[in-house]
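Numbered per the UniProt record's numbering, the sequence shown spans residues 1 to 584.
Reviewing the structure listed below.
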Amino acid sequence: MKALKHLNKYFFKYKYSIIIGIIITVISKIFALFTPRLIGASINVVSDYVNGNIAKPVFKSELTTNVLYIVGAAIIAGLFTFLMRQTIINVSRYIEFDLKNEIYKHYQVLSLSFYKANRTGDLMNRISEDVGKVRMYVGPAIMYTINTITLFAVAVIYMVDRSPTLTLYTLIPLPILSFAIYKLSRLINKRSTIVQQSLSTLSTYSQETFSGISVIKSYGIETRTNVEFEHLSAENRHKQINLTKVQALFFPMMILLIGVSNLIVIYVGGMQYMNGQIDNIGTIAEFIIYVNMLTWPVATVGWVTSLVQQAEASQERINEFLNTEPEIKNNVDKLTPIRGDIEFKNVSFVYPDTNIEALKDVSFSLKSGETLAILGNTGSGKSTILDLIGRLYDINNGSLFIDNTKIKNLNLTSLRESIGYVPQDAFLFSDTIKNNIKFGKEDATDDDVIEAAKNAKVHKNIIGFNKGYDTILGERGLTLSGGQKQRVSIARAIIKKPEILLFDDCLSAVDTETEEKILKNLMKLTKDKTTIIVSHRISSAKNADKIIVMDDGKIIESGNHASLINTDGYYKKLYTKQLSEKEM
């Protein structure tokens with residue numbers, strides 16, 4: 001139960017609804033327990049009439065009165081049972097809603113290394129399947145526990161009042177039933193956990209397959225993925241069947257013990273009636289109804305135990321993530337205005353998940369409004385510099401300053417809101433093109449969206465679609481070409497009008513002519529913005545105020561275009577090579 005303590009704050013939040021639900025539950029059970037006594041009294045009236053002990057008018061009057069009371073008690077009990085479910089089950093849905101939001105919000109603040117270490121399917125399973133298991137604890141489990149306690153407390157008092165001896169015999173099978181259900185529930189819980197793990201694996205494989213469907217089709221490996229999916233599905237089916245086999249014993253076992261209890265009531269009650277220990281035959285009928293009313297609540301003791309165990313196992317999985325501390329923390333509560341001065345001073349960085357040393361003693365500075373171009377081979381550390389400026393990771397050694405302040409001493413929200421970032425792998429959401437561009441600025445007008453698209457040289461492409469800016473994109477922007485995705489991603493960054501713009505090789509999929517037009521527009525838009533362009537093309541770098549060339553995590557050249565082409569080195573070789581390719 002230790003893991004479930006996390007939910008106490010939600011119980012406190014909805015305490016009044018839970019208290020009202022408990023009161024309604026008690027009232028519903030009290031009215032439900034009127035019925036057995038009234039039925040017993042009605043059978044006694046029939047018996048007295050058959051034996052000639054009462055007159056026909058009295059018989060009709062008493063029987064009619066009892067029937068009306070039974071109907072009235074049943075209606076009231078049913079009404080309060082409805083209100084009970086509406087109250088307690090609704091609370092469980094509210095808690096489910098709050099818990100999902102808590103998990104989702106926590107997912108948002110966790111660092112990139114967390115997402116590299118955990119698979120998407122498992123993350124989704126914990127926020128859906130595991131939260132569903134927890135909801136069964138805060139709803140049905142609590143409701144049935146209150147039901148059982150109330151029903152047992154009132155019913156046993158009524159039964160003892162009628163016949164203490166028959167009550168004792170009647171209750172003998174119920175602890176056996178509860179223990180058997182408990183043992184069965186333990187086994188169900190164990191197999192349920194195995195099924196949950198199997199579902200996580202299946203969800204993860206499905207999600208990765210759908211996300212990478214274009215790669216699967218281009219390699220022609222649909223048959224292989226189908227075979228692998230069938231294998232995972234077969235394993236899941238086997239585990240589900242093993243669980244179902246155990247679950248199938250639940251109700252037959254309960255029906256068997258109900259039957260045994262009824263036989264005990266009929267036999268012992270009948271013997272007591274014949275011996276004169278019970279005065280009225282209606283008492284036996286009353287006890288049979290009590291037994292049937294008590295059997296399910298007693299059976300739910302084991303079932304509820306199983307629900308609690310499953311909820312605890314799921315909450316442990318949830319807590320595992322909720323207790324994961326984000327590596328990147330916001331150390332400043334007060335919002336920090338950002339101008340855009342950037343300085344790297346002897347910065348070194350090692351990726352925590354791979355131990356790859358991406359940067360080695362890197363130093364450079366950039367004033368607000370200046371443009372820096374970064375060139376270098378793949379894996380030289382170019383993108384890492386952008387990640388560190390956005391504080392997606394924290395540096396290991398050296399110092400990183402924004403506006404002469406250490407980056408850790410800036411408000412994280414202010415920092416990231418002041419950055420417009422265009423990643424190398426342009427990510428677009430399954431939404432309209434308009435909303436994808438407005439993602440950078442939610443309050444942007446349609447005119448703002450069109451202007452940004454024009455500056456990114458993607459407006460003509462967009463209006464060529466049947467629905468224009470209202471075109472729904474496939475997952476990760478599957479509807480668009482690589483170049484179109486990059487340009488929509490650029491539009492999303494520039495519409496924000498941030499103080500710092502980071503472009504991570506975002507023009508690699510566009511032709512040279514389009515690149516030139518985009519760069520001219522960017523030069524106008526970024527006149528007073530700090531801009532860093534990562535590229536493999538000299539054309540993207542030549543107009544920058546400063547240029548650095550990276551190799552193996554180090555800066556091997558720095559200067560501007562004019563100085564670097566007059567120096568023998570990587571930049572000059574790349575310039576000569578790309579110039580000759582252009583002329584060809």
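Note that the Cβ used here is the ideal one computed from N, Cα and C, for glycine as well.
Item	Value
For A456 and I490, which I take to be in contact (beta-carbon distance under 8 Å), what is that distance rounded to the nearest angstrom?	4 Å
Compute the beta-carbon to beta-carbon distance between F364 and S558, rounded to the nearest angstrom, for a pair I have assumed lies under 8 Å.	7 Å
Under the DSSP definition of a beta bridge, which residues are partnered with N397?	S348
Consult DSSP for A155 and reduce its assignment to one of helix, strand or coil.	helix
Could you give the C-beta distance for V136 and L307, rounded to a whole number, given that I count them as a contact under 8 Å?	It is worth fixing the name first, because residue 136 is Met in this sequence and not Val. Contact holds; Cβ gap of about 5 Å.
Are T531 and T371 closer than 9 Å when you measure CB to CB?	yes
On a CA-only basis, which of L38, V58, K60 and N44 is nearest G72? Give me that one, please.	L38
Can you give me the C-alpha to C-alpha distance between L400 and I433, rounded to a whole angstrom?	36 Å
In three-state DSSP terms, what is T432?	strand
With distances taken between CB atoms, is the gap from Q315 to D130 smaller than 9 Å?	yes
What is the C-beta distance between Y94 and I127, in whole angstroms, given that I count them as a contact (C-beta under 8 Å)?	With 8 Å as the limit, Y94 and I127 do not qualify as a contact, their Cβ atoms being about 16 Å apart.
Indicate the three-state DSSP secondary structure (helix, strand or coil) for L478 in the structure shown.	coil
List the endpoints of the continuous beta strand (DSSP E) containing I500.	I500 to D504
Which residues in the same chain as T81 place their Cβ atom closer than 8 Å to its Cβ, once the five residues preceding and following it in sequence are excluded?	S28 and A32
Taking C-beta to C-beta, are S178 and D122 nearer than 9 Å?	no
Given this structure, state the Cα-to-Cα distance separating E62 from V45, to the nearest angstrom.	7 Å
Extract the residue ranges of the alpha helix (DSSP H) inside the segment 153 to 235, only unbroken runs of 4 or more that lie entirely within it.	164 to 171, 173 to 211 and 213 to 219
How many whole angstroms separate the CB atoms of residue 669 and F287, which I take to be in contact at a CB cut-off of 8 Å?	With the chain represented from 1 up to 584, any question about residue 669 goes unanswered, as that position is not in the structure.
So L249 and N330 are supposed to be a Cβ contact under 8 Å. How far apart are they, rounded?	Their Cβ separation, rounded to whole angstroms, is 53 Å, which puts L249 and N330 out of contact at 8 Å.
Mapping the DSSP letters down to three states, classify T378 as helix, strand or coil.	coil
Tell me, please, whether the segment 419 to 436 touches the segment 465 to 473 by the rule of three or more beta-carbon pairs shorter than 8 Å.	yes
Considering only DSSP beta bridges, list what Y570 is partnered with.	Y570 pairs with nothing; no bridge assigned.
Specify, as a first and last residue, the run of the beta strand (DSSP E) that residue 585 falls within.	The requested residue 585 does not occur in the structure, where the chain is confined to residues 1 to 584.
Quick test of your reading: K460 and Q310, contact by CB under 8 Å. State the CB separation rounded to the nearest angstrom.	About 56 Å; that fails the 8 Å criterion.
At what residues does the alpha helix (DSSP H) containing Y421 begin and finish?	It is not in any alpha helix (DSSP H) - Y421 instead sits in the beta strand (DSSP E) that spans I419 to V422.
Under 9 Å between the Cβ atoms of I88 and I142?	yes
Is G21 helix, strand or coil by DSSP?	helix
Relative to the C-alpha of D279, which residue among R162, E235 and N242 is closest?	R162
Please list, in chain order, all residues of the same chain as A313 whose beta carbon is under 6 Å from its beta carbon, the five residues on each side excluded.	T193
Would you decide whether I437 is buried or exposed? Buried here means 16 or more other CB atoms lie within 10 Å of its CB.	buried
Between the segment 367 to 383 and the segment 544 to 553, do at least 3 Cβ pairs fall closer than 8 Å?	yes
Quick one: is L168 buried, meaning 16 or more other Cβ sit within 10 Å of its Cβ, or exposed?	exposed
With burial defined as no fewer than 16 other Cβ atoms inside 10 Å of the residue's Cβ, what is the status of I356: buried or exposed?	exposed
State the DSSP-derived secondary structure class of I472, mapped to helix, strand or coil.	strand
Cα separation between N101 and L392?	23 Å
My understanding is that A452 touches I495, with C-beta atoms under 8 Å, so please give their C-beta distance in whole angstroms.	4 Å
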